[in-house]
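Written out below as structure tokens is the structure these notes cover.
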């Protein structure tokens, strides 16, 4: 009898063990092509880097997936259809990246996806490695902690003094990965539905005669209103977009550009008056009939207010610019500015503050021949 009971218990235990579903834990590693050929350099490698940098951490139990980073979501395995969940803005409305297979084995998890059409040359694999439960949650906690630290750095910078010595934002640091704020921003750019937050930085190193070796870093963050955060302000006017050029050799800011879409007329006039009260030597640039540009300067810097016209009909606004007088009187310039604003429907207001040293470099023929077409050449060439 005892032997029978013991045998029954062993059988029952085996059935229970067999019926238990264990939860497995995984972290994303790298992307490769299904056909094992190299990934072409350019936008494809950038897209795969975007997916890798998302640092996906997920667990699997039965037929369910639990994603804990970079976002939290629980779903059936079959419902994992994309990494970015961003679609092309066209009549087809297709996903940019589409998952078509989740292959899991004891020590292997591979998620297969494609870009565009489901063809061999467009198919890729994101490989995950298994990790134990404790390390998994430690990893997720560390990643979330770094993200929270970055978000705590997002403070408004006050440029009311129009001074380049104003400390640069703490998050403008090449040791900080700003992509954490929006891990799928590259997908949003590709989709043309580019209304999400955009961040980044770019290094520029070059040599100019009489100046020697120069090294700058360009930082930017755009559409900070998506985070309920104001990037910068001048007086009472807020800006959700900021670019900054930092001189890595002299350890100082050499240029700041702030811009905002569709400011109200009175807000633009307020900006004009705020700048003019500090420098009071305004001039209108009559060479550009597409946009209105007002320039101020002192011994250290050049400041511009640019009203960039995006309206379909620019004839009327161009005529107003062509008829502008050469007066340097504040009241006349302000009146010309008011007339121009009333003549356009869609526009962007840009404020640039640039050191005279960088302005001199950026407009030199040597600089243009070496770096023509680079972003800050366009934005900061005074």
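Residue numbers (mature numbering (1 follows the signal peptide of the UniProt record, and there is no 0)): -19 to -1, 1 to 363. Beta carbons: idealized from backbone N, C-alpha and C, even for Gly.
Check, Outcome
"Classify residue 348 as helix, strand or coil using the three-state DSSP reduction.", "helix"
"Cutting at 7 Å between CB atoms, please list the residues of its own chain near residue 167, excluding the five before and the five after it.", "27, 28 and 31"
"Compute the Euclidean distance between the alpha carbons of residue 220 and residue 111, then round it to the nearest angstrom.", "45 Å"
"Could you compute how far the alpha carbon of residue 311 sits from the alpha carbon of residue 225?", "29 Å"
"In the DSSP output, which residue or residues are listed as bridge partners for residue 78?", "96"
"Between 43, 249, 45 and 64, which has its C-alpha nearest residue 35's C-alpha?", "64"
"Give the DSSP-derived three-state secondary structure of residue 90 in the structure shown.", "strand"
"Considering only C-alpha positions, which residue in the set 265, 335, 160 and 348 is nearest to residue 274?", "265"
"Tell me whether residue 241 is buried or exposed, calling it buried when 16 or more other Cβ atoms sit within 10 Å of its Cβ.", "buried"
"Fully enclosed by the region 8 to 92, which beta strand (DSSP E) runs are 3 residues long or longer?", "38 to 42, 45 to 50, 54 to 57 and 78 to 86"
"Quick check on residue 263: buried or exposed, where buried means 16 or more other Cβ atoms within 10 Å of its Cβ?", "buried"
"Where do the N-terminal and C-terminal ends of the beta strand (DSSP E) with residue 165 fall, by residue?", "Note, residue 165: premise wrong, no beta strand (DSSP E); not H, not E."
"Just list the beta strand (DSSP E) runs in the region 199 to 231, keeping only unbroken ones of 3 residues or longer that don't cross its boundaries, in chain order.", "213 to 215, 218 to 220 and 222 to 228"
"Mind checking residue 52: buried by the 16 CB within 10 Å criterion, or exposed?", "exposed"
"Give every residue of the same chain whose Cβ lies closer than 6 Å to the Cβ of residue 339, excluding the five residues on either side of it in the sequence, and list them in chain order.", "235 and 236"
"Using CA coordinates, which residue listed in 126, 322, 59 and 313 is at the minimum distance from residue 287?", "322"
"Taking contact to mean 3 or more Cβ pairs, one atom from each stretch, closer than 8 Å, check whether the region 251 to 263 and the region 172 to 190 are in contact.", "no"
"Can you check which of these residues, 230, 213 and 44, is closest to residue 222 by C-alpha distance?", "213"
"Taking the C-alpha atoms as reference points, what is the distance between residue 162 and residue 316?", "42 Å"
"Apart from the five residues on each side of it in sequence, which residues of its chain come closer than 8 Å, Cβ to Cβ, to residue 342?", "189, 192, 195 and 348"
"Give the secondary structure of residue 335 by DSSP, where H, G and I count as helix, E and B as strand, and everything else as coil.", "strand"
"Quick check: the Cα distance between residue 127 and residue 271, rounded to an integer number of angstroms?", "44 Å"
"Give the range of the alpha helix (DSSP H) segment to which residue 121 is assigned.", "114 to 133"
"What's the C-alpha gap between residue 48 and residue 81?", "18 Å"
"Can you list, in chain order, the residues of its chain whose CB lies under 6 Å from that of residue 91, leaving out five sequence neighbours each side?", "84, 106 and 108"
"Taking a contact to mean a Cβ-Cβ separation below 9 Å, would you say residue 327 touches residue 291 in this structure?", "yes"
"Around the Cβ of residue 318, are there at least 16 other Cβ atoms within 10 angstroms (buried) or fewer (exposed)?", "buried"
"Could you tell me the boundaries of the beta strand (DSSP E) in which residue 247 lies?", "No beta strand (DSSP E) contains residue 247, which is instead part of the alpha helix (DSSP H) from 246 to 260."
"Are the region 133 to 148 and the region 196 to 212 in contact at 8 Å, needing three or more beta carbon pairs?", "yes"
"Under three-state DSSP, which class holds residue 319?", "helix"
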